[in-house]
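In the numbering used here, the protein residues as written are 1 to 141.
Read the structure below first, then the notes.
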Amino acid sequence: MSSDKGPPRKPWNEENFYKELESNLSDKEFQAIKELYRFCKEKSDNIVFGERSKRGSVLGFFPGFKENHATVAFYGNGKIRFYFWFDEKTNQVLRDELSKVDNLGIEEGDERGNVEVSIENCYMVIDDLKSAYESILARKN
Numbered sequence: 001m002s003s004d005k006g007p008p009r010k011p012w013n014e015e016n017f018y019k020e021l022e023s024n025l026s027d028k029e030f031q032a033i034k035e036l037y038r039f040c041k042e043k044s045d046n047i048v049f050g051e052r053s054k055r056g057s058v059l060g061f062f063p064g065f066k067e068n069h070a071t072v073a074f075y076g077n078g079k080i081r082f083y084f085w086f087d088e089k090t091n092q093v094l095r096d097e098l099s100k101v102d103n104l105g106i107e108e109g110d111e112r113g114n115v116e117v118s119i120e121n122c123y124m125v126i127d128d129l130k131s132a133y134e135s136i137l138a139r140k141n
């Protein structure tokens, strides 16, 4: 009897995550994710790389939010996931600020647990996205 529980895990890091992004995205998209990653690295309490065998991911944990709950994740295929798994007030702060950013597709009052967008739809508004997170952090602290 085999005890295999799926493919072996891959320990991702900045270098191999960047390589995956480069191979999957246009240069503009790659630079946008890289810029968001650097922003998260600078502003967050913690950055954690995923361990999936085929697709890299980075999760950002920001100050003022529930411990051990990321607010955003970036994936090697260019997807960005925003998490709304906090209390109602915190989720509303996230929704309010992120809904101000064009092309994200986050509607006010969206009750889903998370919203996933593609970098190809929002790479041109990266500065707006960073500003939204600055506002979120200011409102949370």
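Glycine included, each C-beta is placed from N, C-alpha and C at the ideal position.
Keep in mind that this is a model prediction, so the values were computed, not measured.
- When the beta-carbon positions are compared, R9 and E42 stay at least 8 Å from each other.
- With a beta-carbon spacing of about 5 Å, A132 and L98 fall inside the 8 Å limit used to define contacts.
- Pairing G64 with K140 gives a Cβ-Cβ distance under 8 Å.
- The three-state secondary structure of R38, taken from DSSP, is helix.
- With 16 or more other Cβ atoms from the protein chains shown falling within 10 Å of its own Cβ, E29 counts as buried.
- Residue environment: R38 is assigned as exposed (fewer than 16 neighbouring CB atoms within 10 Å of its CB, all protein chains considered).
- Contact check for N24 against G78 passes: the beta carbons are separated by less than 8 Å.
- By the Cβ-count criterion, S26 is exposed, with fewer than 16 other Cβ atoms from all chains shown falling within 10 Å of its own Cβ.
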